[in-house]
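Residue numbers (my numbering): 6 to 400.
Take a look at the structure below.
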């Protein structure tokens, strides 16, 4: 990453992430991918550097940094391994939800463990029949009795859950209201469900195209009983889950965009170095105008992506009224553009780009899913278009 324009503190934060990534992620990324190894020990090393609760408050162990710092951190980590960087971004989203919406007791109980990654967190929103239409989720939570403090019993299935089976706590969105006259999203609540809770189980690990160094499976709730205190936000949290989910995804979207940017930057740098050494047609391939044009387009896409991403992160930091659509813009543009950069980098390697040892095919595989998760890029266009239509009507 170009550190131009950063002040000393910002530079130190980004350089710390870069040094950690170079030493503890890059040398092992291909091995972890091939063996499907989830390096929880290395994740905890990242947590020791403050990367597990980046924008959570200091009183419970968070780093209390900005979203702008976070996207720079994730870009640096993803230059070494997009898979691990992406998982860490999901964990950070869960930690932020607990810090922002949890009761004092929930914050004090969970955040120190989440910040150290003694407890690893997973986010459970998507279901087999509710992906982009998240408000239609069917996982339900029903009180076990009529009293206000009664336990909740959860039943349902969550799909494509990163960390499933390995994580220690699951932030679960479930339907707690069943009034058909009210909008579905207003009847969803968030729960903190611990891994060893009876009735909680996990499906088989998914055989995926990429992200092989993190587990992905269904999370299954079969009569899972949790106390009333497990509802995020306590009694006041009932019916607020959909809002929590959507607000969390604003940050999740720019974080995953940062992971795409880091992966694409690494792919671009690999291609440029390879082309400098590769001799053909009587000279270096870097002397070929068409090659230079390709590198120029890639470099421009990376800089444009970084500029939009930082703009969106700043909007989220400042609670700007356009933060939602800016985060959607960044997620849509950056993940699309950076996938194209990675694919072009593979192409510039010729047949060698298709070989595992060069690392390009892993980057392409890992970045492909970024255009789907945290809201598909088609849904990002819906979000942006809705905002544009509202402005048009108001003008």
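Cβ coordinates follow ideal geometry from the N, Cα and C atoms, glycine included.
As the structure is a computational prediction, the values presented were derived from the model and not from experiment.
- Contact between the segment 295-308 and the segment 237-257 is not established, with fewer than three Cβ pairs separated by less than 8 Å.
- Measuring C-alpha to C-alpha distances from residue 83 to each of 361, 369, 225 and 135 identifies 369 as the nearest.
- Counting only unbroken stretches of 3 or more residues, no beta strand (DSSP E) element lies wholly within the segment 261-340.
- Listed as beta-bridge partners of residue 157 by DSSP are 148 and 231.
- Nearest C-alpha to residue 220 among 38, 11 and 28: 38.
- The residue among 139, 332 and 349 with its C-alpha nearest the C-alpha of residue 273 is 349.
- Comparing alpha-carbon positions, the option among 23, 156 and 67 lying closest to residue 90 turns out to be 23.
- Per DSSP, the unbroken alpha helix (DSSP H) holding residue 13 starts and ends at 13-25.
- Within the same chain, Cβ atoms closer than 8 Å to the Cβ of residue 50 are found at 25 and 29, the five residues on either side in sequence being excluded.
- In the three-state scheme derived from DSSP, where H, G and I count as helix and E and B as strand, residue 130 is classed as coil.
- Residue 270 places its beta carbon less than 7 Å from that of residue 307.
- At the C-beta level, residue 354 and residue 261 stay beyond 7 Å of one another.
- Cα atoms of residue 45 and residue 80: separation of roughly 20 Å, rounded to the nearest angstrom.
- Between the segment 223-230 and the segment 153-172, the count of C-beta pairs closer than 8 Å reaches three or more; the two stretches touch.
- Annotation for residue 98: no beta strand (DSSP E) segment contains it, though the alpha helix (DSSP H) segment containing it runs 87-106.
- Contact between the segment 227-236 and the segment 195-202 is established, with three or more Cβ pairs separated by less than 8 Å.
- Residue state for residue 123 is assigned as coil, using DSSP reduced to three classes.
- Look at residue 211 here: in three-state DSSP terms it is coil, with no helix or strand label.
- By a beta-carbon distance limit of 8 Å, residue 180 contacts residue 142. Their separation comes to about 6 Å.
- A straight-line Cα-Cα distance of about 45 Å links residue 210 and residue 289.
- Listed in chain order, the non-local C-beta contacts of residue 31 below 6 Å within the same chain comprise 85, local neighbours out to five positions each way being set aside.
- Residues of the same chain with a CB within less than 7 Å of the CB of residue 148, apart from the 5 flanking positions on each side, are 155 and 157 in chain order.
- Residue 167 carries a strand assignment under DSSP once its states are collapsed to helix, strand and coil.
- Taking C-beta atoms under 8 Å as the contact rule, residue 239 and residue 108 qualify, at a distance of about 4 Å.
- Taking the Cβ atoms as the reference, residue 342 lies roughly 15 Å from residue 258, outside the contact range of under 8 Å.
- For the 7 Å CB-CB criterion, residue 101 and residue 61 form a contact.
- Taking all protein chains shown into account, residue 88 has 16 or more neighbouring C-beta atoms within 10 Å of its C-beta and is therefore buried.
- In the same chain as residue 392, and ignoring 5 residues on each side of it, the C-beta atoms closer than 6 Å to its own belong to 330, in chain order.
- In the three-state DSSP reduction, residue 395 falls in the helix class (H, G or I).
- Contact annotation: residue 130 and residue 98 have beta-carbon atoms that are not nearer than 7 Å.
- Residue 338 holds the alpha-carbon nearest to the alpha-carbon of residue 310 among 75, 322, 338 and 74.
- Taking the C-beta atoms as reference points, residue 67 is found no nearer than 7 Å to residue 75.
- Each residue's CA atom was taken as its position, placing residue 33 and residue 42 some 10 Å apart.
- Here residue 207 has 169, 170, 222, 223, 224 and 225 as same chain residues with Cβ atoms under 7 Å from its own Cβ, once five neighbours each way along the sequence are excluded.
- Contact check for residue 124 against residue 173 passes: the beta carbons are separated by less than 7 Å.
- For residue 77, same chain residues with a beta-carbon under 6 Å away, outside a window of 5 residues either side, are 19 in chain order.
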